[in-house]
Each structure stands twice: as C-alpha cells, then as structure tokens.
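Heads up, the thing below is written out as structure tokens.
Numbering (the working numbering), first residue to last: 43 to 1036.
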C-alpha cells in the first residue's frame, strides 16, 4: 500500500481520480499489516505531512497517518516515540527547520493517536521541558500560537512545579513582548491578532489554574515595559494580557507599584507611556481602566513630574486613537482623564486643539448613532477645557464654529466636572522639558512662563515691554553694581529681547516685585500689581537720586553727619514737587496731572487741587441709570478740607511709600451698580439754595449724559467722558464750604492739565456685592478705539493757537462777549483752551473670567513709538473752544477715519501674549474679543501719545521705528550669551535623544 500511495501522489492522474484512490487507501487501513509495512506507511505519511510540496499531498499524509495510526495503534506508539519527537523539536525534519509550525502540528496529531497509550506520559514529560525551552527562544507569533494551541489541548505538557511553571509564564510574557506583525493588510492583521489572542488565552488558563503565578507574571510584565533599553520596544500585543487580570487586583497592584522605592521615576514614566500605547490594540478590554488607575495612583503619591511628562508626550497619540472605532471608547476615557486632571497649564490641551475640528467634521459625516454619542462627549470635554483655559480666542474660534450646533454644558456642570478631576496639586513649577526646549515662535517675541497663577504679572510685563520708548529708556540705564528693582526689570527686558528661548521664567523679578500682601500661587489683580510696580520704581529712583546727591555734597562728613544727611535725603525724597529735569522715569513715561475743582453752588466760591497720576480708573455707568439723570452724584465719598478724597477700590499701597496717585471717579457708580439708582440734588426737598441757573446747568449735563449712553456698546471715549463729567456733591456727600461755613451742594469737575507719554486706563470691572460679599465682574463689552483723543486744558492767551499742529476753530459768533465768556469761566483768572491730544492704542490686558479672584490674564500689544503712523495727521481739524466734555461727544473725529487704514497698512503688527505662548493677531481680533468670548474683557489699556511730526518712519518694513533698542551693558550681554549657549546645547542633546 505504501508503494501505491507513493506512486499515487507522484503521478499525473486527474485530481478526482487521486481522491478516489486515496479514499480506498484509507479504507484499507483496517487490513492487517506487518510491523515493517506499518513503519513504512507511517514514515511515508510523516514525510507527506512535513515535506509535502503542495496542500493536497500534506492533506493525504494527515489522512493516512490518522487512519493507520488508529487501526495500528501499537505500531504507531512504537514509531511515535521519544526519540522521534525530541529529534523533531531540536533538529527538525530533513530540510524542515525545528521552528516550523508544521512540526508542532504533527506532534499534536501524534499525541491524539496515542493518548490512551502508556508511552504518552513519557512524551508529556519531554514536552514540558521542550515547551519551556521553546518559549525562552522567543518564538515568532505563529510558532508561539501553535505551541500554545498544543499546550491548551494537552495541558499535561505544561511545565509542572511552581518554579518551572512560573518561569514558563514569565518567559511567555517576554515572548509576547517580541511579537511583531508581519504585514499591514487587514487579513494579515486579523491573523496576527488571533495568534496573540491564542497566546494570551493560554496564560489566562495558567493563571487560573495556578494563581501563584499571576503576580510574578505581572511583575515581569512591568519589568518589560519599564525597561530603558532604547534598542528594544516592547510589542503592544502585551495589551492582550490586561483583560485577563482580575479588576479586583487594581488597587493592590497600583499601590504596590507607586509606593515601591525601587521603582524609579524614569521607569514608571516609561511603563506608563507604553501602557498608553496599548490603547491601539484592538479588542483589548480594561486597558483604559488600568491606565487611569495608574494615573490616579501617581497623583495620590504626588508624582506630578511623571504625570506632566507622560501627558505631554502621549496626549496627541491618545487623541489620534479616536479616529478608530474599535479603540475609541477606551481612548476617549483616557483622554478625558488626562485633560481634566492636567489643570495647571493649557499646554496639554493646546497640543490637541489643532486636530479637534477635523475629528468633529469626521464624526458629523459618519452620521452613525455611535459617532454622534462620542461627538457629544467630546464636545462636553472641549467646552470644559476652553472654559478652564479661557483667553486663547485665536485657537478656540474654529472649534466653537465647528461645535456650535452641539449642546453646550452649563457653567455649573463644567465647574463640577473640573472640581472632581484635578490633581491635588496645581503646581506650575514643574514645566515640561518639551516647553523649555521649544524654539522661539515665528513672531520673534519671547513668552513668559507662568510660575503658578502669575499670569497677572506676565500680562503687565509684556505690555510694559511693548511700550517701546519705556523699554528703550530702561535698557539704556547704567545700573551696574545696583541691585534695585529697576535693575531687575532691565535684566528681564534684556532677556525678553535677546534670549533664544521660546519663554523665559521671570522668577527673580517676580519675587522682587510681588506686593507683600499678595498670596503666592493665587490669582491677583493685574491693575493692582501694575500700580504697585510703578510706585515702587518711582519711589526707588527718587530715593536713590536723593541719596546720591547727599553723598556727593557731604562725602567727608563723619558717621553721625552721614546719618543726618541720609535723614535729610529721605525728607527730600518725600517732597511733593520736583523740577522737570528731576522727574523720575516713571513720571516721564506715565505721569500726568489732573486738576480737581469744586464749586459751591451757593456762594460760587471755588477750591482747586492738582494731583499727579500714573493711570486713570474709568467706571461704568449703566445706560438705564442715566436716562433721566444728568451729572454723576457722589453720595459716599469723604469730604475733607477743600477737595473730595477719592477711594481706590482695587489697590492698597504699602505703608511708608508715597505712590504716584491713580485717579478714579466712581462717583455714584458703586451705588448705581448695586442699587440701580442715582440721587440728584435737584430732586431733594432740602435743596433750598439751588438756583434756576444751576438747575439749568444740571439739565444741560443730563442731556449730555443721555447722548453719552445712547449707544448699545459704550466705547473707551464714553467712559472717559463720564470720568470728566461734572459730579454733584449732595445729600450725605454735601461739600463743606469754608466761606458759607456749612455743608452745601457743590459741583466737582476735573480737567487733565498735563498728559502722560503713555496713558494707562483701567476699566473698573469689579464691583462689590454686599449680599454675597464678593467682587463681581462687569462683563459689558467696551469698544476700543485705535486712536484716542485726550482732552487737555493748558493755560494760554485767549487767542492762542493750540500747539501740536491742531488748529483752534473760532466761529464768528464767538468774537466778542460770547468768546470772552467761554475763555474765562467765572472764578478763574487764567484762560484755558482745550487741546485734543492724539494717542495710539499700544496694549490691552484682557481678563478672562467672572471674578477678580479667579480667571486668567493675557495681553494684546503692538510696537508703537512716539511718532504717529504715516498719514495719521490730516488737515487741521477745527476745534471749538468749548469744554472737553462737549467736544468728546462729537460723533466724528479726525482720527476715526484712519483707524481701519492704519490696521490694514500694518499687517502682523499685533501680538497676543498668553504666558509662554506668543502669536500674531490683528486689531480686528482685539475689537471682537468680548463679543466672541463673553468672559474675556479688556481691563487695562495702554495708549501711546503721538507727537506733532506725524508719521512712522516708513523706512521700516513693518511699521517699527528704524532705530533699534540701545546696546546692552556688557554684564547683561554676557549673561544672555551664556544662557543662549547653554540652552542651544541642551536643546541639541534633547533632539539627538528623540
């Protein structure tokens, strides 16, 4: 029969005929044969099984072997012995390698035939050893899967004894770690997944049968994925094991890993990164559960460095997994946890922001219920992140447009989600190495690293830095050997201008400039910080000048005389007046003067007071409160001597310091905002001394106020008008007139008599709510003019022409008595003429949030020098010699017609400074920020005075002054050069490592 069979398979007979003959050969297996004939038949069928050139011959071999082995079991037992099996496993068969899966298929078939024979026990013992040896040789997925199939069918072949069994499990884990798919087509990937599933299924059986092997196997798994060997990357096929680990063990295992002192941070980071990679494995269950559990475990033991680095390294990979439906649920769970817990910085969220819109559109195109459900979850997550990291309008606008038709979670729900997800620490002192090693942005500007809720400082510093004239003066100072705050500011400005880093960490300046009452790592008011900073710089310079002068004139005095000189210097420093040549840099750049006049409405006597200011605080007045009321009313200000003492609601200067004043006119605005009403002395029954002419004046002011608030969106000009509008002191706030020797109704007016180079305007957006005992934010939108005209009154001759290229238009009807009345108000000896001084918007500090104790600050800024833009000065514009309040009410101004032209002629001139991030933006983005993002409102404005020469130097390509910043002092330049070299070296090493 063996010769017939051999001749059959090698003949050229048709296939149907061959099958008929094979069937007869198989049926003849019942015929008695000699041992030699059986051995020959077994040898022939073995050769066909293992070396058959085509599937037909291999199939014939298997059929004949099974038929003759079944009917001639004793003969087959003698043939299929230890020697044959050992030879196949160690040497192969002829040209067939011992690592060919066909060997294991043959052995598995042979074991089925001799299961009832005594010799099978010997083969089981042999296979127990050989199976362990085979997995130690890291078999390929196909061979390993066949081995596991054999061991699954014949568990007697599994290594016995705890030691061998444990070694087998550990080696099998390492074998899986070496698995790699041999193809990328779907059929090949499906086959690969099935092979891995076969192997992991065997491990599950072993762990179930011998529970003692589970924990050591998991330790081996962790050792594999935590290895720092860069030449070997463990296979994601290890993810197939996770689903077989009992979930009840999560708590114990995670606690063991995170508290083990032998587990280094680098190893834990590597392991966590590779576990996140497992999210790519299809059909794997519970991977996201283990990843999230490990993230929470690390947060519990405050391993924030690991969490930060892993999140920044893997957040984009996790997001990309959302494109694949099989792994989408697990990926979304991990993404949500990573983003919601990473609440100290927007860096992680901003890594995925560029990819959100395309994914949203993909979900919408699918139209499947599952895609829609995932889109709703993703949209809720995105809204939470944009709420928490507000202040990035350029980034978020495309996303808002993409999800505008999706449900938006309520603010209460967003706050609940965020509060339940954050790490226990919100430290920002652990910036990722990635952020430190990023190159400078295309803007060429340098960001400022957030040191822990220091955005209030960062936004102010960037605004001051972009005040070009101020920056250049600071950089030009010779401060060698001085440890003053100005020296630290110079150091900071120098690094912002010349560092190669994307963002600079202003730690030294922060510690030196932080007001002592500011709690570290808590949100503060940027306006209060700015005021404190300018006051410090001003007082410091005055004191240093006084000490320097005293030291020069009294250099030979003894110690007691020196102490007396220092005391005199301090007294001199406290003197209120200084000559123009003795003005400090802060006074020169930001200092202005305001004259306050109070006129008694009974006797017409007047008192005047001049005050210096560095910023003006502009209050809001709701239009509804002004519909029937004209002038502002001050009900609660303290009346002292001959002027009204104004209260600063947002800043407190430290004891012992003499700050430059900031002036704000709240008037009755606190009353307006909290009560919605304003008291007018004309409506009070006790206003006995009020004359008809005074009532007419009040009515005129009422008409002015009605025109002032006629627009839906107030502008900065409107708020400035309200600032300068007359105020009626009445009721509880009556003015004590020394001439009348009693409390009287009075009118208070203010005039700017000296304008600053940089005009700082603070919009008073925070009002105190006595019911809730918190400062609420006024979210009203305010229009920001690119060009602002500041009314300034100076003493001059009656017919003088206003300087600065702005002519004074005098109507014919004004010649004579009417003109004299306008030029010489009652009670004044000097003649005042209004001059509208043009200012260009330089910077805008934006507050994003709903209260002063929370939120985020960022700033818009551009380069503005002392000259106006080309074409800014047009033909002389007629100015009526009237009060600045009335003049500002004019709807058309000579500047508004050129705002759009200016912005169009200077592309990429505006910058958005948001902590470490600096991007190009436009004036249009500045104007529409609040309408697009209601919580983001302009708070502090910087305007630069424009001189009368008109025109930026057009030799500059982008509108910048052609003269650059002054050269730095040598020690500063050396420090920057040294830091740049160090940074570039570290960056190069990091890039090589990647």
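Just so it is clear, CB atoms sit at the ideal spot from N, CA and C, and this is done for glycine as well.
Of the residues 100, 136 and 82, the one whose Cα lies closest to the Cα of residue 114 is 82. By the Cβ-count criterion, residue 124 is exposed, with fewer than 16 other Cβ atoms from all chains shown falling within 10 Å of its own Cβ. Taking each of 533, 94, 220 and 516 in turn and checking the Cα distance to residue 630, the smallest one comes out for 516. Less than 9 Å separates the beta-carbon of residue 382 from that of residue 423. Taking 8 Å as the upper bound for CB-CB distance, residue 627 and residue 548 are not in contact here, some 20 Å apart. In the three-state reduction of the DSSP assignment, residue 157 falls in the coil class.
Scanning 335, 219 and 248 for the CA closest to the CA of residue 194 turns up 248. Taking a contact to require three or more Cβ pairs closer than 8 Å, the region 778-795 and the region 810-820 do not qualify as touching. A distance below 9 Å separates the beta carbons of residue 802 and residue 984.
Straight-line spacing of the CA atoms in residue 514 and residue 526 works out to 18 Å. Within the same chain, 538, 541 and 546 come within 6 Å of residue 488 by CB-CB distance, once the 5 residues on both sides are set aside. As for any alpha helix (DSSP H) of minimum length 4 sitting wholly inside the region 482-537, the runs are 497-507 and 510-518, ordered along the chain. Non-local C-beta neighbours of residue 255 in its own chain, meaning closer than 7 Å and more than five positions away in sequence, comprise 207, 208, 211, 248 and 249, ordered along the chain. Taking C-beta atoms under 8 Å as the contact rule, residue 882 and residue 638 fail to qualify, at a distance of about 28 Å. By the beta-carbon neighbour count (other beta carbons within 10 angstroms, threshold 16), residue 264 is buried. Counting along the chain, the unbroken alpha helix (DSSP H) around residue 462 starts and ends at 453-463. The continuous alpha helix (DSSP H) containing residue 971 extends over residues 971-974.
Residue 831 is positioned such that its CB atom lies closer than 9 Å to that of residue 759. Going by beta carbons, residue 444 and residue 395 fall outside the 9 Å limit.
Within 10 angstroms of the beta-carbon of residue 641 lie 16 or more other beta-carbons, which makes it buried.
Of the residues 315, 964, 833 and 139, the one whose Cα lies closest to the Cα of residue 356 is 315. For residue 410 and residue 756, the gap between their C-alpha atoms comes out near 47 Å. Every unbroken stretch of the alpha helix (DSSP H) spanning 4 or more residues and falling wholly within the region 158-234 is given here in chain order: 162-178, 183-195 and 204-219.
Counting C-beta pairs with one atom in each stretch, the region 121-139 and the region 178-188 have fewer than three that are closer than 8 Å, which means they do not touch.
For residue 379, there is no enclosing beta strand (DSSP E); the enclosing alpha helix (DSSP H) covers residues 370-383. Counting the other Cβ atoms within 10 Å of the Cβ of residue 387 gives 16 or more, which makes it buried. Scanning 785, 824 and 142 for the CA closest to the CA of residue 804 turns up 824. About 16 Å separates the CB atoms of residue 335 and residue 268; that is not less than 8 Å, and the two are not in contact.
Going by beta carbons, residue 322 and residue 284 fall outside the 9 Å limit. According to DSSP, residue 808 shares a beta bridge with 819.
In the assembly as shown, residue 952 is a buried residue. Its beta-carbon has 16 or more other beta-carbons within 10 Å. Between the alpha carbons of residue 391 and residue 299 lies a distance of about 28 Å. Straight through space, the alpha carbons of residue 533 and residue 521 are spaced by roughly 10 Å. As the crow flies, the alpha-carbon of residue 1008 is around 42 Å from that of residue 767. DSSP places residue 358 within a helical segment (H, G or I) once states are collapsed to three.
Only exposed fits residue 366, as fewer than 16 other CB atoms lie within 10 angstroms of its CB.
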